[in-house]
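J.: Last residue of the sequence shown? That's 203 in the UniProt record's numbering, and every number before it is there in order. All C-beta atoms, glycine included, are put in the ideal place defined by N, C-alpha and C. Here you go, one structure.
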Amino acid sequence: MALFRFATDPPARPLIRTQNLILRAPLADDYSAWANLRMESRDFLTPWEPVWTEDDLTRASFRLRVKRAAREIATDEAYSLFILDSRSEALLGGLTLGLVRRGVAQACTLGYWMGQRHAGKGHMTEAVRGALDFAFSELALHRVEAACLPHNEPSRRLLERVGFKHEGEARGYLRINGVWADHLLYGILASELRRPTDTDRKL
1 MALFRFATDP PARPLIRTQN LILRAPLADD YSAWANLRME SRDFLTPWEP VWTEDDLTRA
61 SFRLRVKRAA REIATDEAYS LFILDSRSEA LLGGLTLGLV RRGVAQACTL GYWMGQRHAG
121 KGHMTEAVRG ALDFAFSELA LHRVEAACLP HNEPSRRLLE RVGFKHEGEA RGYLRINGVW
181 ADHLLYGILA SELRRPTDTD RKL
């Protein structure tokens with residue numbers, strides 16, 4: 001796995017490259033692919049995300065998203081990345097290592113989404129493994145946290161598959177689909193990251 005770290009401008013090259021995927025910062029030219037994938041996956045994503053704003057899929061909103069992602073990468077605040085197939089370069093989804101805390105914490109929060117037609121094929125498992133490797137090896141973080149809705153079985157299985165431990169529950173943790181929802185809390189430490197086996201790669 002090749003990993004790259006950029007401290008200034010948004011990289012055109014991948015931040016993370018895995019066997020089948022590349023993860024990189026969003027670029028202005030990604031707008032059409034992103035808007036189309038999000039729109040066709042709207043019903044699939046709605047139960048798991050905050051309410052979309054009226055201008056969520058506009059080009060102007062996307063430009064702001066690209067600028068914010070570049071700024072946050074440059075300042076080591078967050079790493080919002082698009083997930084692309086390394087062969088076709090098709091956009092599959094997105095992943096964020098957000099809320100980076102330095103000092104005594106050395107931690108961040110993981111979030112992700114996958115386009116409906118790409119879900120259930122193992123892409124997100126591979127992407128999350130690559131992101132964890134990047135977080136611990138390149139960003140030198142100690143801990144990555146994640147949260148998911150209790151009834152989101154695919155997300156729970158994914159987190160547990162890659163090594164996250166269930167650490168508790170938080171009441172009214174995030175406002176999802178217009179409702180303050182309880183979440184299961186997960187965490188993984190750098191010392192707990194394991195390399196995937198051949199069986200894992202098939203999931």
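1. Quick test of your reading: G187 and E145, contact by CB under 8 Å. State the CB separation rounded to the nearest angstrom.
2. Since V104 is in the beta strand (DSSP E), which residue starts that stretch and which ends it?
3. In terms of residue numbering, what span does the beta strand (DSSP E) encompassing W48 cover?
4. Under three-state DSSP, which class holds E77?
5. Taking the continuous alpha helix (DSSP H) assigned at R157, which residues delimit it?
6. Go through its chain and collect everything with a Cβ distance to F62's Cβ below 6 Å, but skip five positions before and after it.
7. Please confirm if E126 has its CB atom under 8 Å from at least one CB of chain B.
8. How is the alpha helix (DSSP H) around G130 delimited, first residue to last?
9. Throw me the rounded Cβ distance for the A127 and L15 pair, which I believe falls under 8 Å.
10. According to DSSP, is E72 part of a helix, a strand, or is it coil?
11. From M39 to N20, what does the alpha carbon distance come to, in whole angstroms?
12. If you drop the 5 nearest sequence neighbours on each side, which residues of the same chain put their C-beta closer than 8 Å to that of N177?
13. In whole angstroms, what is the alpha-carbon distance linking A190 and Q116?
14. Report the rounded CA-to-CA distance for R65 versus Y79, giving the unit in angstroms.
15. Identify the continuous beta strand (DSSP E) that holds A146 and give its terminal residues.
16. Could you give the residue range of the alpha helix (DSSP H) that holds R194?
17. Assuming R143 and A170 are in contact, meaning their beta carbons sit under 8 Å apart, how far apart are those beta carbons, in whole angstroms?
18. What residue ranges within the segment 15–45 form continuous beta strand (DSSP E) runs of no fewer than 3 residues, ordered along the chain?
19. Distance check for A147 and G122, CA to CA, integer angstroms please.
20. Verify whether the separation of the beta carbon atoms of Y112 and L91 is less than 8 Å.
21. Given this structure, state the Cα-to-Cα distance separating T192 from E72, to the nearest angstrom.
T.: Considering the structure as presented:
1. Working through the sequence shown from its first residue, we reach residue 187 at position 187. Working through the sequence shown from its first residue, we reach residue 145 at position 145. About 5 Å separates the CB atoms of G187 and E145; that is less than 8 Å, so the two are in contact.
2. If you number the sequence shown from 1, residue 104 lands on position 104. Premise fails: V104 is in no beta strand (DSSP E) and is neither H nor E.
3. Walking along the sequence shown from the start, residue 48 turns up at place 48. Bounds of any beta strand (DSSP E) do not take in W48, whose DSSP letter is neither H nor E.
4. Position 77 of the sequence shown, counting from 1, holds the residue named residue 77. Annotated three-state conformation of E77 is coil, per DSSP.
5. The residue you call residue 157 lines up with position 157 of the sequence shown. Counting along the chain, the alpha helix (DSSP H) containing R157 begins and ends at E153 to R161.
6. Position 62 of the sequence shown, counting from 1, holds the residue named residue 62. For F62, where only same-chain residues beyond five positions count, the Cβ hits under 6 Å are Y31.
7. The structure shown contains no chain B; it holds only a single protein chain.
8. On the sequence shown, residue 130 is found 130 positions in, with the first residue counted as 1. G130 -> alpha helix (DSSP H) spans H123 to D133.
9. Taking the first residue of the sequence shown as 1, we reach residue 127 at position 127. Taking the first residue of the sequence shown as 1, we reach residue 15 at position 15. With 8 Å as the limit, A127 and L15 do not qualify as a contact, their Cβ atoms being about 12 Å apart.
10. Counted from its first residue, the sequence shown places residue 72 at position 72. Helix, per DSSP.
11. Start at 1 with the first residue of the sequence shown, and residue 39 comes out as number 39. Start at 1 with the first residue of the sequence shown, and residue 20 comes out as number 20. Rounded to whole angstroms, M39 to N20 spans 25 Å at the Cα level.
12. Mapped onto the sequence shown, residue 177 falls at position 177. Closer than 8 Å at Cβ, skipping near neighbours: T46, P47, W48, E49, P50 and V51.
13. On the sequence shown, residue 190 is found 190 positions in, with the first residue counted as 1. On the sequence shown, residue 116 is found 116 positions in, with the first residue counted as 1. Those two C-alpha atoms are separated by around 31 Å.
14. On the sequence shown, position 65 is the one that residue 65 refers to. On the sequence shown, position 79 is the one that residue 79 refers to. Cα to Cα, the separation comes out at about 12 Å.
15. Locating residue 146 in the sequence shown gives position 146, counting from the first residue. It spans R143 to C148 - the beta strand (DSSP E) in which A146 sits, taken as one unbroken run.
16. In the sequence shown, residue 194 corresponds to position 194, counting from 1. Segment: none, R194 is in no alpha helix (DSSP H) and carries neither H nor E.
17. Numbered from 1 along the sequence shown, position 143 holds the residue referred to as residue 143. Numbered from 1 along the sequence shown, position 170 holds the residue referred to as residue 170. Going by Cβ atoms, the distance from R143 to A170 rounds to 16 Å, so no, they are not a contact pair.
18. Taken in chain order, the complete beta strand (DSSP E) segments of 3 or more residues contained in the segment 15–45 are 21–24.
19. Mapped onto the sequence shown, residue 122 falls at position 122. Mapped onto the sequence shown, residue 147 falls at position 147. Answer to the nearest angstrom: the Cα atoms are 20 Å apart.
20. Locating residue 112 in the sequence shown gives position 112, where the first residue counts as 1. Locating residue 91 in the sequence shown gives position 91, where the first residue counts as 1. Taking 8 Å as the Cβ cut-off, Y112 and L91 do not qualify as a contacting pair.
21. In the sequence shown, residue 192 corresponds to position 192, counting from 1. In the sequence shown, residue 72 corresponds to position 72, counting from 1. Note that residue 192 is Glu in the sequence shown here, rather than Thr. One C-alpha to the other measures close to 27 Å.
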